[in-house]
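Peer 1:
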Amino acid sequence: MQDLEAQYYVLHKKYKNNNFSINVVDIIYIKDLSLNISLFSLQKLLNNYIKHDLIKNILINKIVLDSRKIKGKYCLFIAIKGCKYDGKNFITQAILKGVVAILTYSDKKTLPYTIEVKKKIPIIYLPNLLEQISYLAGTLYNHPSKKIPIIGITGTNGKTSITHFLMQWIRLLGYKPAILSTIGNGFYKNLIKTNNTTDSAVEIQSTLEKFVNQKADIVIMEVSSHGLDQYRVANIIFSIGIFTNLTRDHLDYHINMKNYELSKWRFFSNHKIKKKIINIDDNIGLKWCKKLSNVTVITTKLKNLLYQSNLFVYIKKIIYLSDHTIIKFNSIWGNGEIKTNLIGQFNVINIILCMATLLNLNFPLKKLVKTVSKIFPIPGRMQKVFFKKKYTNIIIDYAHTPDALKNVLLTLKLNVKGKIWCIFGCGGERDIGKRSIMGYIATKYADIIILTTDNPRKENIHSIINDIKTGCITLKNVYIILNRIKAISYAISHSVKTDTILVAGKGHENYQIIGNKIFNYSDFNAIQKILKNIK
3 MQDLEAQYYV LHKKYKNNNF SINVVDIIYI KDLSLNISLF SLQKLLNNYI KHDLIKNILI
63 NKIVLDSRKI KGKYCLFIAI KGCKYDGKNF ITQAILKGVV AILTYSDKKT LPYTIEVKKK
123 IPIIYLPNLL EQISYLAGTL YNHPSKKIPI IGITGTNGKT SITHFLMQWI RLLGYKPAIL
183 STIGNGFYKN LIKTNNTTDS AVEIQSTLEK FVNQKADIVI MEVSSHGLDQ YRVANIIFSI
243 GIFTNLTRDH LDYHINMKNY ELSKWRFFSN HKIKKKIINI DDNIGLKWCK KLSNVTVITT
303 KLKNLLYQSN LFVYIKKIIY LSDHTIIKFN SIWGNGEIKT NLIGQFNVIN IILCMATLLN
363 LNFPLKKLVK TVSKIFPIPG RMQKVFFKKK YTNIIIDYAH TPDALKNVLL TLKLNVKGKI
423 WCIFGCGGER DIGKRSIMGY IATKYADIII LTTDNPRKEN IHSIINDIKT GCITLKNVYI
483 ILNRIKAISY AISHSVKTDT ILVAGKGHEN YQIIGNKIFN YSDFNAIQKI LKNIK
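Just so we're aligned: the sequence shown equals residues 3 to 537 in the numbering used here.
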């Protein structure tokens with residue numbers, strides 16, 4: 003039993019005492035006024051799993067998956083087995099840092115639904131613990147996804163762009179959207195940077211609760227294959243689910259494309275999503291839409307509409323211009339034309355997926371057509387670098403998969419008058435198989451290639467470069483400059499005004515991982531510095 007040295011509110015009843023203990027087994031929340039925090043009954047949290055006298059009077063206000071983040075006196079530590087570390091190895095550290103209880107997974111050595119005590123701290127063993135964390139965190143944070151509509155976006159490429167386009171567009175329509183994204187979580191022009199595309203199950207529920215308290219009208223959220231595979235969104239209710247495409251990525255984790263597809267499919271098969279928006283230009287999307295109900299399809303191929311007779315947006319014609327794109331479309335909501343500042347077919351698909359989503363949210367088509375021209379690209383995605391003097395056209399893009407690199411290069415070829423330079427590398431300790439494919443794509447669609455570092459991590463950079471080279475059609479006009487800044491500088495100083503330089507792979511990232519160290523680095527800042535030094 004915990005001693006609570008303050009004033010407390012217990013189910014609207016006020017208790018005053020300087021030093022007392024209370025039985026909390028029959029309550030859910032109380033409040034510690036000395037710390038201004040709400041406390042939750044651990045027994046209530048675990049009612050569906052275990053009931054025991056050892057936990058009936060324990061109160062918590064926070065769930066922590068990383069022992070380094072344990073702070074305060076009401077922390078519950080969940081020790082799970084990750085890809086690199088096993089949380090059980092940090093139980094002693096967690097106890098020393100003051101947790102009130104520990105949840106961990108049962109195995110051959112420990113029976114499920116049992117409790118052992120270590121230094122007066124209960125350690126509770128549950129089966130399939132990873133699958134339960136989203137529910138546990140959702141319960142602690144009042145199931146925020148029941149209180150606010152959530153749009154989830156999954157697929158290999160386009161998740162971040164669509165998330166940010168929707169944020170811009172919904173804001174233009176007079177509402178307050180919040181996002182969970184690769185680039186950051188939060189509100190327009192007030193994003194907090196994150197480490198993963200999809201946060202931990204606990205962080206997601208905690209962040210959603212904050213969005214509810216901050217009066218967000220809607221949340222747009224990227225949903226990664228890792229997040230799905232690790233049940234990080236298992237207890238999230240999605241109003242709309244968007245599928246962009248499925249191409250090679252993350253095979254260092256998923257091993258093969260079949261596993262990768264199955265992870266993505268879980269988004270639709272394991273969640274009761276009310277409405278689905280599917281790109282059926284993608285073969286996987288075309289296959290999935292036949293299995294799903296309440297689907298809106300988007301396509302550039304008229305023949306694909308034979309598979310769907312309900313909700314659709316058909317992209318009838320695309321006119322690519324140097325700085326904008328005109329899209330003519332037919333849809334179940336009406337026909338029309340939009341002008342967008344976005345370039346490239348992949349962005350045509352992205353913006354139409356956004357439009358189909360907003361139409362499903364009952365925004366009028368006329369308002370969407372009127373406001374779409376005010377949406378702009380996001381940092382690190384087909385980002386042009388402008389400078390006071392006119393130099394070579396320089397584009398920064400996050401393209402780090404074969405399909406993304408191909409799409410960006412094909413987009414640049416639409417308007418380039420001179421040569422296309424392509425500067426890129428591949429991440430170390432990640433999917434080795436994609437390296438040669440990217441080498442092939444670069445030499446097929448670009449004129450001059452500079453192979454350089456990306457995030458090599460602990461892998462030998464020469465090994466990474468050699469893997470890329472094995473796929474190159476030719477090594478003529480393929481240069482190796484390992485220092486990324488020097489590689490960019492070389493391209494700028496040796497190109498002419500009609501050329502276009504693509505700096506690919508890192509996009510918005512403001513760091514570079516070499517060995518065990520993380521260095522401050524940004525392609526945008528590096529380019530700006532190089533241009534300023536040119537006389």
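Note that the Cβ used here is the ideal one computed from N, Cα and C, for glycine as well.
As the structure is a computational prediction, the values presented were derived from the model and not from experiment.
Could you spell out the range, first to last residue, of the alpha helix (DSSP H) harbouring F270?
Peer 2: Note, F270: alpha helix (DSSP H), 259 to 271.
Peer 1: Using the C-alpha atoms, what's the distance from M259 back to T472?
Peer 2: Cα to Cα, T472 sits roughly 22 Å from M259.
Peer 1: Between the alpha carbons of V371 and S208, how many angstroms are there, rounded?
Peer 2: Distance between the alpha carbons of V371 and S208: 35 Å.
Peer 1: Pull up the CB-CB distance for P151 and I220, whole angstroms please, since I reckon it's below 8 Å.
Peer 2: Contact flag correct, Cβ pair sits at about 5 Å.
Peer 1: What does the alpha-carbon distance come out to for the pair V204 and T502?
Peer 2: So the alpha carbons of these two residues sit roughly 44 Å apart.
Peer 1: In terms of alpha-carbon separation, which member of N306, G441, G430 lies closest to K460?
Peer 2: Of N306, G441, G430, the residue nearest in Cα terms is G430.
Peer 1: Out of S491, R437, D469, point me to the one whose CA is closest to N535's CA.
Peer 2: Nearest option by C-alpha distance: S491.
Peer 1: Could you give the C-beta distance for G157 and F42, rounded to a whole number, given that I count them as a contact under 8 Å?
Peer 2: Actually they are not in contact, since the Cβ atoms of G157 and F42 sit about 36 Å apart, beyond 8 Å.
Peer 1: Out of D201, S202, I181, which one is the CA nearest neighbour of L193?
Peer 2: Taking only the C-alpha atoms, the option nearest L193 is I181.
Peer 1: Could you give the first and the last residue of the continuous beta strand (DSSP E) run that contains E224?
Peer 2: Run containing E224: 220 to 224, per the beta strand (DSSP E) assignment.
Peer 1: If we count the other Cβ atoms within 10 Å of its Cβ and call it buried at 16 or more, is N187 buried or exposed?
Peer 2: Classification of N187: buried, given that the 10 Å Cβ count is 16 or more.
Peer 1: Which residues in the same chain have their Cβ closer than 6 Å to the Cβ of F189, if we skip the five residues on either side of it in sequence?
Peer 2: Only A180 meet the Cβ criterion.
Peer 1: Secondary structure at A506, three-state DSSP: helix, strand or coil?
Peer 2: Three-state DSSP puts A506 in a strand.
Peer 1: When the Cα atoms are used, what is the spatial distance from I97 to I60?
Peer 2: Rounded to the nearest angstrom, the two C-alpha atoms are 15 Å apart.
Peer 1: Let's test the definition: count the other Cβ atoms within 10 Å of the Cβ of Y143 and tell me whether it reaches 16, buried, or not, exposed.
Peer 2: That one is buried.
Peer 1: In three-state DSSP terms, what is R437?
Peer 2: R437: helix per DSSP, three-state reduction.
Peer 1: Could you tell me whether the region 446 to 454 touches the region 475 to 495, where touching means 3 or more Cβ pairs closer than 8 Å?
Peer 2: Verdict: yes, contact present.
Peer 1: For the alpha helix (DSSP H) containing Q134, name the first residue and the last one.
Peer 2: 131 to 142 is the span of the alpha helix (DSSP H), which, as asked, contains Q134.
Peer 1: Measure the CB-CB distance between V387 and I398 and report whether it falls below 8 Å.
Peer 2: Yes, Cβ-Cβ distance for V387 and I398 is below 8 Å.
Peer 1: Would you kindly report the start and end of the unbroken alpha helix (DSSP H) that includes V350?
Peer 2: Counting along the chain, the alpha helix (DSSP H) containing V350 begins and ends at 347 to 362.
Peer 1: Assign K364 to one of two classes, buried (16 or more other C-beta atoms within 10 Å of its C-beta) or exposed (fewer than that).
Peer 2: Residue identity differs from the one stated: residue 364 is Asn in this sequence, not Lys. By the neighbour-count rule (16 or more Cβ atoms within 10 Å), N364 is not buried but exposed.
Peer 1: Per the DSSP calculation, L294 is bridged to which residue(s)?
Peer 2: Paired residue(s): none; L294 is not in a bridge.
Peer 1: Please classify F213: is it buried, with 16 or more other beta-carbons within 10 angstroms of its beta-carbon, or exposed?
Peer 2: Answer is buried; the Cβ neighbour count reaches 16.
Peer 1: Just how far apart, CA to CA, sit I320 and K110?
Peer 2: Those two C-alpha atoms are separated by around 60 Å.
Peer 1: From D28 to K121, what does the alpha carbon distance come to, in whole angstroms?
Peer 2: Because D28 sits at a pLDDT of 46, beneath the cut-off of 50, its placement in the model cannot be relied upon, and the following sentence gives the value as read from the coordinates. Those two C-alpha atoms are separated by around 26 Å.
Peer 1: Flag this pair as yes or no: are the beta carbons of T403 and K436 separated by less than 8 Å?
Peer 2: Yes; because the gap between Cβ atoms is below 8 Å, this pair is in contact.
Peer 1: Using a threshold of 8 Å, state whether the C-beta atoms of F378 and N343 are closer than that.
Peer 2: In this structure, N343 lies closer than 8 Å to F378 by Cβ.
Peer 1: Just confirm the distance between the C-beta atoms of I52 and I126, as a whole number of angstroms; I'd bet it's less than 8 Å.
Peer 2: Indeed they touch by this definition, with Cβ atoms about 6 Å apart.
Peer 1: Flag this pair as yes or no: are the beta carbons of V350 and I334 separated by less than 8 Å?
Peer 2: No.
Peer 1: On the three-state DSSP scale, how would you describe W423?
Peer 2: W423: strand per DSSP, three-state reduction.
Peer 1: Compare the Cα-Cα distances from I155 to each of T455, V225, N337, I529 and report the closest residue.
Peer 2: Cα-wise, what sits closest to I155 is V225.
Peer 1: My understanding is that I280 touches V297, with C-beta atoms under 8 Å, so please give their C-beta distance in whole angstroms.
Peer 2: Indeed they touch by this definition, with Cβ atoms about 6 Å apart.
Peer 1: Where does V204 fall in DSSP's three states?
Peer 2: V204 falls in the helix class under three-state DSSP.
Peer 1: On the DSSP bridge assignment, give the partners of E118 in chain order.
Peer 2: For E118, which the question treats as bridged, DSSP gives the partners I125.
Peer 1: Let me know if Y119 comes out buried or exposed under the rule of 16 or more other beta-carbons within 10 Å of its beta-carbon.
Peer 2: In the sequence under discussion, the amino acid at residue 119 is Val, which differs from the Tyr named in the question. Classification of V119: exposed, given that the 10 Å Cβ count is below 16.
Peer 1: I'd like to check one pair, Q530 with Y523: are the Cβ atoms closer than 8 Å?
Peer 2: Going by C-beta atoms, Y523 is not nearer than 8 Å to Q530.
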